[in-house]
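Below: one structure, written as structure tokens.
Residue numbers (my numbering), protein chains in the order written: chain A, 1 to 164; chain B, 165 to 293; chain C, 294 to 903.
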């Protein structure tokens with residue numbers, strides 16, 4: 001957490017209260033979550049009661065008070081995805097990662113969340129891992145998809161070892 | 165003073181219409197097809213195409229569709245092109261050069277007069293399926 | 294006087310679809326491969342590559358349309374590109390094997406407009422889709438863009454504009470279907486408490502799961518929305534507009550930012566637009582992921598930087614909206630319809646559609662349907678035409694059961710009503726609603742109780758919690774529905790569900806709560822026998838409610854056809870399958886968690902579900 005980063009974001013906006021949601025969005029985007037210190041700083045510098053900042057940070061789905069995994073996984077549970085079996089895919093991911101929806105793996109590699117419609121209904125069911133979109137996914141395809149990211153990690157570790 | 169006047173807006177519209185007109189269902193007065201089979205390309209069809217594109221752009225010619233198709237089946241007389249003026253029978257031109265092509269564009273496509281000395285014949289083969 | 298430079302002409306334009314679905318299907322890699330190959334063949338002076346917004350036929354992506362000729366290539370891979378470039382663009386021979394073949398047919402259809410999916414569509418809001426690069430303002434202008442705005446700003450009075458919109462019969466495309474011209478009239482007549490300040494808002498908070506038309510319009514043709522808004526601003530005398538767009542739509546946001554910058558650059562936004570003396574500008578506000586913010590009062594709260602909670606109406610935003618000033622809110626699709634109406638006249642527009650519903654509507658056709666995608670059709674078209682002619686029917690020869698319209702506020706229309714002509718009234722008579730245009734097709738494998746439970750869990754999750762009927766009532770309904778899908782429901786539950794539904798409809802504060810019971814009421818009306826099967830027989834006829842399923846393996850098929858392939862055992866989540874290769878496999882029911890993975894992976898149909 002770096003207070004200057006937050007100050008930079010604050011400087012991009014006028015200090016009137018209507019900018020607060022945009023400011024929180026930018027912090028969320030830059031840091032991946034809203035750390036406690038950031039919320040305190042926003043409240044202080046914008047002169048908005050902490051209770052109000054916190055109520056906004058907990059009301060909107062876009063904000064998270066906890067850090068997410070290195071590879072955030074979003075399972076679309078829109079209607080089109082639902083009727084094409086998204087729930088089964090979500091449960092398969094829960095089993096494979098050994099976490100529940102809304103949680104992050106212990107090694108901080110993956111976090112798993114549900115979203116209501118990413119607007120790719122033509123490709124239902126859809127799972128997003130980071131920026132990558134996986135359309136027409138099924139339970140059976142889940143392990144193969146996760147493997148790509150797990151292998152990426154193993155490779156990094158191996159590289160790190162050979163460097164030392 | 166506004167940044168853009170009504171006239172400026174119209175000018176942008178006309179200019180871009182010209183470069184994008186082949187996307188819609190615009191009507192073309194004439195169509196030129198350059199035959200681009202392997203034989204045609206070997207005989208220099210790409211030069212013919214380039215010459216046509218250059219001329220069309222230089223003279224700001226509109227309402228003409230320039231396209232390509234496969235081998236016309238008369239490989240010994242390549243490079244070839246076909247000119248189709250709306251409502252008239254297509255005319256095939258053979259053994260072309262850049263200069264001949266420009267002449268055809270000038271006299272036939274724009275002027276409406278068939279350049280008989282380069283023409284192979286008028287019309288197409290029959291297709292009955 | 295702006296400087297206008299001449300542009301280079303090309304003989305072939307390759308329109309690469311860069312809508313969200315095609316981008317997810319790697320259309321940018323296709324574009325790169327095209328660029329490389331075209332350079333390699335030395336065609337870069339002859340062939341132009343254009344990235345367009347969503348073409349609509351998302352099912353077949355990534356897509357490429359070749360102009361002139363309107364040749365439609367689909368499901369492309371980078372491996373196809375060298376051959377395609379050489380054959381079609383160099384040698385002039387279109388490549389048949391990359392063309393679309395309708396389900397259960399053999400002959401490919403080369404030309405886009407001959408394909409059934411496109412044939413019956415009438416494009417007004419989506420008039421420029423696939424034909425322009427959304428990031429090039431000049432291309433929008435070439436397709437008569439900003440012509441209506443020029444007309445409205447220089448030769449029409451505000452009341453001329455309002456009356457033209459009123460006469461067109463256009464109704465709000467965001468859900469409610471309120472007559473647009475009338476709304477404009479209200480805002481125009483309203484007196485502002487703050488001098489003469491009035492605001493104008495574009496609602497692009499498309500939260501309805503299963504609908505993506507607003508996203509597609511913003512991605513494919515952002516200027517059409519901007520032009521509509523400027524015309525609206527003149528009609529009500531506003532100088533500041535807001536476009537509220539979901540933050541989950543990064544591509545739509547980027548294209549809208551770019552479009553606003555380009556429009557400002559040309560002076561089509563800002564001070565003294567086109568020398569007319571009118572000032573107007575638009576600011577983007579990014580939504581922060583709350584379905585309730587699609588509700589207009591909640592949306593306005595959130596623009597003001599407050600919690601997205603709805604307020605009781607009246608007063609309507611037309612009287613007291615943003616910061617207490619009269620505010621005109623229309624949805625993205627409504628705004629995209631304005632310029633064509635002003636250009637071609639109310640008479641032309643009102644010619645299309647039915648008695649009460651004029652013009653066209655964009656639907657996202659998704660779910661259990663062959664041709665998923667985005668379609669724009671004239672009002673009055675029947676469901677049958679949409680599902681079978683445009684949509685190409687149900688995949689895998691399954692039977693059509695119902696179509697859900699209107700999202701969480703709408704309902705399910707059963708197959709008996711397949712000849713229903715689509716307009717605002719016929720849909721609400723059938724117990725559903727137009728909504729924003731999501732159309733989710735369901736087949737015999739979709740459980741209607743589960744669908745009702747799904748929507749209730751959605752509204753429950755998105756309920757802002759401000760009023761009790763919505764907060765507690767939807768929770769109570771969800772609990773009952775969950776019980777029923779687990780086989781623990783009783784006959785009394787059905788009566789209770791109905792009572793709760795009626796009282797929530799009557800007493801909730803905003804549209805979200807008032808319409809939340811609709812999916813339950815319509816499924817109970819048309820599919821009561823499915824509810825009864827869950828309650829009385831403890832069975833889910835569609836085998837969707839897993840707690841009621843029993844999975845077994847047909848040992849004959851398993852060993853004789855599948856040679857005990859062992860795939861099910863290796864995939865089983867709970868070690869509930871016994872067996873080894875070449876031997877019949879068995880499911881231990883006590884251990885089975887009913888995840889259904891064995892059923893999915895079995896290639897021989899040996900796993901049975903009952």
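Ideal placement from N, C-alpha and C gives every residue a C-beta, glycine not left out.
Of all residues in the stretch 201 to 232 of chain B, only 201, 202, 204, 205, 210, 213, 214, 216, 217, 220, 221, 224, 229, 230, 231, 232 place a beta-carbon less than 9 Å from a beta-carbon of chain C.
Straight-line spacing of the CA atoms in residue 801(C) and residue 532(C) works out to 35 Å. Secondary structure of residue 533(C) (DSSP, three-state): strand. For the options 237(B), 231(B), 269(B), 285(B), the alpha carbon positioned closest to that of residue 224(B) is the one of 269(B). Within its own chain, the residues whose Cβ lies closer than 7 Å to the Cβ of residue 101(A), once the five positions on either side in sequence are excluded, are 90, 94, 112, 113, 114, listed in chain order. Residue 859(C): not part of any beta strand (DSSP E); DSSP gives it neither H nor E. With respect to the 8 Å criterion, residue 711(C) and residue 698(C) are not classified as neighbours on the basis of their beta carbons.
Shown here, residue 24(A) sits in a helix according to DSSP, grouped into three states. Residue 247(B) holds the alpha-carbon nearest to the alpha-carbon of residue 232(B) among 168(B), 278(B), 247(B).
Every beta strand (DSSP E) of 3 residues or more that sits fully in the stretch 331 to 398 of chain C is shown, in chain order, as 340 to 345, 357 to 360, 364 to 366. Across the structure, residue 207(B) and residue 428(C) are spaced so that their CA atoms are roughly 40 Å apart. For residue 380(C), the closest of 330(C), 434(C), 879(C) by C-alpha to C-alpha distance is 330(C).
Taking 8 Å as the cut-off, the Cβ atoms of residue 733(C) and residue 816(C) do not count as close. Contact annotation: in the stretch 374 to 391 of chain C, residues whose CB is within less than 7 Å of a CB in chain B are 383, 384, 385, 386. Taken in chain order, the whole alpha helix (DSSP H) runs of length 4 or more contained in the stretch 192 to 235 of chain B are 202 to 207, 209 to 222. For the stretch 172 to 183 of chain B, residues whose beta-carbon sits nearer than 9 Å to a beta-carbon of chain C comprise 172, 173, 174, 175, 176, 177, 178, 179, 180, 181, 182, 183. Shown here for residue 318(C): same chain residues with a beta carbon closer than 6 Å to its own, the five before and five after excluded, namely 354, 355 in chain order. Flagged as an interface residue toward chain A: residue 866(C), by a C-beta distance shorter than 8 Å. Excluding its 5 nearest sequence neighbours in each direction, residue 542(C) has C-beta neighbours in its own chain below 6 Å: 508, listed in chain order. A residue is called buried when at least 16 other Cβ atoms come within 10 angstroms of its Cβ; residue 2(A) does not meet this threshold and is exposed. For residue 497(C), the enclosing beta strand (DSSP E) covers residues 492 to 497. Beta-bridge pairing by DSSP links residue 697(C) to 705(C), 733(C).
Within the stretch 45 to 78 of chain A, the residues whose Cβ lies closer than 8 Å to some Cβ of chain C are 55, 56, 59, 60, 61, 62, 63, 77, 78, listed in chain order. No Cβ of chain C is located within less than 8 Å of the beta carbon of residue 265(B). Residue 872(C) sits close to residue 859(C), with the two beta carbons spaced by under 8 Å. Contact annotation: the stretch 492 to 505 of chain C touches the stretch 118 to 132 of chain A, with at least three C-beta pairs closer than 8 Å.
If only complete runs of 4 or more residues are kept, the stretch 70 to 114 of chain A shows the alpha helix (DSSP H) at 79 to 83, 86 to 97, in order along the chain. With its beta carbon less than 8 Å from one in chain C, residue 95(A) belongs to the interface. For the set 309(C), 775(C), 521(C), 771(C), the Cα lying nearest the Cα of residue 797(C) is the one of 771(C).
For residue 360(C), the neighbours in chain B by C-beta distance under 8 Å run, in chain order, 186, 187. Per DSSP, the beta-bridge partners of residue 308(C) are 343(C), 358(C). Contact annotation: in the stretch 527 to 561 of chain C, residues whose CB is within less than 7 Å of a CB in chain A are 540, 541, 542. Among the residues of the stretch 623 to 651 of chain C, none has a Cβ less than 9 Å away from any Cβ of chain A.
Taking CB atoms only, residue 243(B) has no neighbour in chain C less than 8 Å away. Interface with chain A (8 Å Cβ-Cβ cutoff): residue 597(C) is included. If the five residues before and after residue 211(B) are omitted, its C-beta is found closer than 7 Å to the C-beta atoms of 262, all from its own chain and listed in chain order.
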